[in-house]
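Residue numbers (the working numbering): 1 to 162.
Structure (structure tokens):
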């Protein structure tokens, strides 16, 4: 069934609003994803603060043309959705976790990060950045490591003298 002109305008306006309000965007190819899996994925994304918007490619491209994003728009194979959020890394990380769950059904095809179009490889590198809590733990370990080695060295010197 064809979409009316008014419905198309609504979709483009909604996509444009999402693009104005969000900070990070991931273009998702979801060809072959079952409806049950799609519903479960949307629910889990919503719980993590990530929105998910499905649109026709032409309407999404029309909304993207009104933005001032640098670079070249990646190709959109198959069906395309837009995952977005206020956190810079959360959309790509969460979609990547679903990409691992549903191997052939979902795939990151590109995205927008800090006002630039990025290809799949760059979005995957962003998706693999650890969560903030893990980074804090790594920083504490990095700071603690030299102190720990100094204490071990002093202990070994003390054992040699005794």
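Glycine included, C-beta positions come from ideal geometry on N, C-alpha and C. Please read these numbers as outputs of a predicted model, since none were measured by experiment.
When secondary structure is reduced to three states using DSSP, residue 137 falls in the helix class. Measuring C-alpha to C-alpha distances from residue 75 to each of 138, 14, 133, 111 identifies 111 as the nearest. In this chain, the beta strand (DSSP E) harbouring residue 107 covers 107-113.
Take the alpha-carbon of residue 22 and the one of residue 85: they are about 5 Å apart. The Cβ atoms of residue 81 and residue 25 do not sit closer than 7 Å to each other.
When only Cα atoms are considered, residue 4 and residue 138 end up about 53 Å apart. In the DSSP assignment, residue 19 falls outside any beta strand (DSSP E) and within the unbroken alpha helix (DSSP H) covering 5-21.
The beta carbon of residue 34 sits closer than 8 Å to the beta carbons of 105 from its chain, once the five residues preceding and following it are set aside; these are given in chain order. An exposed status is given to residue 157, since fewer than 16 other beta-carbon atoms sit within 10 Å of its beta-carbon.
The Cβ atoms of residue 41 and residue 98 sit closer than 7 Å to each other.
Of 57, 67, 70, 92, the smallest CA-CA separation from residue 78 is found for 57. Distance from residue 113 to residue 126 at the Cβ level is roughly 6 Å; contact confirmed, criterion being Cβ atoms closer than 8 Å.
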